[in-house]
Amino acid sequence: MNQPTQNTIDALKILEPYRFNVWALMGNDKRLVRQKIMSAFLGFKLPISKSGIMVIREELFDRLNAQGNCLAAKETDIVIKSRGILNGMEA
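Numbering (our numbering), first residue to last: 48 to 138.
See the structure below:
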């Protein structure tokens, strides 16, 4: 995996309290968090309507090069890689 961009790191920091689980961002009360994550990924403010869970998940898959033969395996890989990225920053 290539070095993550600062935008990716910023988005992961926002997602960290949710244990990197995009499904924890479901619901109307989390819409601003989703927007903040996608805006961090892209580097500019994105409308709430363009900041859905599936878009965030696909962005994570692409940016972290998720590996696995099914979606559950890819989501697990995202959690492992995300923790590694943020823990590596502390070293």
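Just so you know, even glycine gets a beta-carbon here, dropped at the ideal spot from N, CA and C.
Treat the numbers as computed from the prediction; the structure is a model and nothing was measured.
A residue is called buried when at least 16 other Cβ atoms come within 10 angstroms of its Cβ; P94 does not meet this threshold and is exposed.
Taking C-alpha positions only, K60 is separated from L133 by approximately 8 Å. Looking only at L62, F91 and V126, the smallest Cα-Cα distance to K77 is reached by L62. Under the three-state reduction of DSSP, T52 is assigned to coil, being neither helix nor strand.
Shown here, G131 sits in a helix according to DSSP, grouped into three states.
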